[in-house]
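Adding 592 to a residue's 1-based position in the sequence shown gives its number in the numbering used here.
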Amino acid sequence: MKKSTSVFLLLLLIGAGYFLLFWSPNSTGARDFNMTFIFEQDEPAQYPHVIRRLAIRNTLPQTLYRIFAYQHYYFGFPYYGYSALVLLPVKLLIGLENVSINMLLLRQFVSTLPMIAAVTILVYLQTRFESYFKSVFLFLFLLSVPAVVFNNMWIHPDSLVFLFIALTFLFLDKDDLQFGKNFYWAALFCGLAVATKLIGLFFFLAIPYYIFLGWRQGRIDTRKALTVAASFVAIMFATFVLANPFLFWASERKFAWKTQSDLHEAMDSGFIVAYNNSPLLWLQVIEKWYGLLLFVLFAIVAVVIAAFKGERQRHNQLIMLWSFPFMIYIAFALVIRAKHFPIPILLPVFSALPAYFAFFAPEKFSSPIGDYLKKSGLRLGLTLVGAAIVAAQIFYSLGRDVELYTENLHREETSPSLQFYAKIEKDYISKIVLDRQLIIFRDVMMYVPNAPRYQDHFKWGVSDYEVALKNNPDVLILNKQHLYDYTQPGQLETASDPDFALTVQFYNDVLNGTVTGYTLLYQDEFGIVYLRTPLYDQFFVSS
């Protein structure tokens, strides 16, 4: 057996163990659908659209329309289509009523598994699986980045789109400036990255440079260069369209365009109110979720070295041309600083670490030691400095990883939202006995179980009197921090919606105990509960 094959099999074995490691934390936090709101709110925003893909309609055209025209066009159909395929066996075997099982499988197979596959590709492209130590170390190192560990424990398209990006790099590497079928496979996977989350467009420098290299080295002439460039764009565009079948309906194209336009406007300025647009704030995100800033700088130095020295120069040049423009874009254009955004930027950069140690590797020790240090002392010192920085990063990552893993493993026991509901249910809500459902309006992060005795309503974003009282709720359950966030001085002046003044009025009334028609029932530092005044008089005044 070739060494590269045995290294690959070893990584598969380690990857399988890593995959199973997340089974327990990914089994938590979804005893019912409402519980998913209180941990990561992107999950409940996406989950219903996955489930609806698997619903059977009255006719085949209706079924196909609902499969492809899913109307949550923040992300492309490859994500929702693949997620639905993950749950298809569950639907056929036991049905989709068990939210906990569904969420577990989505987290494992849509987030954890594609991330493992993408990292395996990155390791191969830098090491060719020629060394057990380098391959295993780099594999585990990349998988231990805190943002990766976090990303393994929710459902989101980032792992899948990152896999498409890694496959684009892989097939460009396999093509080796031949501009054959592997080049066009790269175009297909780049198109899938665009179709899923648009970020495949950030190959806009890497692909022209790759074609330029082929032209400069005499692999292709000018006419061929233009032909392969046009072919790459055509395949990428065709993949984008075919992978998003909703584009064949004019109404859905219009809806998708509005969705993406609204999303990018919010990313550029902020949701509801204006956000601080300082690129330096990204440093806090990177330090918390990716590593010590000294290490990130060290990794950038490593990829620059790898781009001009060593055996993988072209691949690392492509990484720079992919990562650096993308990094500049999110730093200056986006005010939404989500922790998962830099994953496809920084992981390829981090993968170049072996090049640093290969470049500064000191010669084999020889005596006398004085002559050896004179000859190799600088290389030895730089190697030791690099090793110390990497060791500090490992220590940092493992500490954050254990913290993240433990938090998710025990999140049901420690959740302030679950504790708050347990308190109000025991002391207050259980004492309200009606011959109908209790109607509740809540903030999305306030837990209320999916129970027959409740009819609960919520609204993404902010609320006002009209929104909160639309369904004549008996109970209002609101989050204190949410109220504080949107009643700070200056918030009203930065809001893009003129109706935001109504939100501020409502939230101030909630905080001040003056909600019209309702009486304050309970509050603590986390939440506040109001009960319709007639019900309060009926069930609590006498006591």
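Backbone N, C-alpha and C fix where the C-beta goes; we use that ideal spot for every residue, glycine too.
Contact under 8 Å by Cβ, residue i with residue j
i: Y674; j: H641; result: no
i: V702; j: V678; result: yes
i: I897; j: A826; result: no
i: Y997; j: G883; result: no
i: F1092; j: L1084; result: yes
i: A821; j: I803; result: yes
i: F763; j: W777; result: yes
i: F863; j: G1053; result: yes
i: P706; j: L752; result: yes
i: A984; j: L945; result: no
i: D1035; j: N1064; result: no
i: Y665; j: Q852; result: yes
i: A835; j: P670; result: yes
i: L926; j: D860; result: yes
i: E635; j: I708; result: no
Span separating the alpha-carbon of residue i from that of residue j
i: Q1080; j: F942; result: 40 Å
i: L602; j: R720; result: 14 Å
i: F731; j: F794; result: 25 Å
i: N1042; j: W881; result: 33 Å
i: M564; j: N744; result: Not covered by the structure: residue 564. The range shown for the chain is 593 to 1135.
i: Y1020; j: E995; result: 34 Å
i: G772; j: D765; result: 12 Å
i: T1111; j: D1066; result: 11 Å
i: I648; j: T620; result: 29 Å
i: T704; j: F611; result: 6 Å
i: Y657; j: F838; result: 8 Å
i: I920; j: L974; result: 29 Å
i: I922; j: L872; result: 11 Å
Range of the contiguous alpha helix (DSSP H) that encloses residue i
i: H932; result: H932 -> no alpha helix (DSSP H), and no H or E assigned at all.
i: I1016; result: 1008-1019
i: D634; result: 634-645
i: L947; result: It should be noted that the sequence gives Ala, not Leu, for residue 947. Unbroken alpha helix (DSSP H) run through A947: 945-951.
i: S598; result: 595-613
i: D1101; result: 1092-1104
i: A676; result: 669-685
i: Q654; result: 652-660
i: A798; result: 798-808
i: N694; result: 691-698
Bounding residues of the beta strand (DSSP E) (the contiguous stretch that carries residue i)
i: F1033; result: 1030-1034
i: Q1115; result: 1110-1115
i: V1121; result: 1119-1124
Reference residue i, options the options, closest by Cα
i: H907; options: N868, F761, S959; result: F761
i: I1016; options: G991, A822, E1005, Y1039; result: Y1039
i: F660; options: V833, R815, S1007; result: V833
i: Q809; options: L769, L790, A1014, R1045; result: L769
i: Y901; options: F949, Y867, L972; result: The question names Tyr, yet the displayed sequence has Lys at residue 901. Here the closest residue by C-alpha is F949.
i: L939; options: L604, V741, A637; result: V741
i: H932; options: P738, F614, F631; result: P738
i: P545; options: L1113, F918, D993; result: Lying outside 593 to 1135, the shown extent of the chain, residue 545 is not represented and no answer is given.
i: F1118; options: Q905, F1012, A1060; result: F1012
i: E689; options: R623, F725, A980; result: R623
Distance cut-off 7 Å: residue i Cβ against heavy atoms of the ligand NAP
i: F1132; result: As far as ligands go, the structure on display features none, and thus does not contain the ligand NAP.
### Task
Could you tell me which uninterrupted alpha helix (DSSP H) segments, each at least 4 residues in length, are contained entirely in the region 830-905, listed from first to last along the chain?
842-861, 873-881, 885-900
### Message
My parser needs the alpha helix (DSSP H) runs of 4 or more residues fully inside the region 1023-1088; what are they?
### Response
1057-1060, 1072-1077, 1083-1086
### Task
Report the residue ranges of all alpha helix (DSSP H) runs contained in full by the region 719-787; include only those spanning at least 4 residues, in chain order.
724-735, 738-743, 750-767
### Length-filtered (4 minimum) alpha helix (DSSP H) runs lying within the region 963-1006
1003-1006
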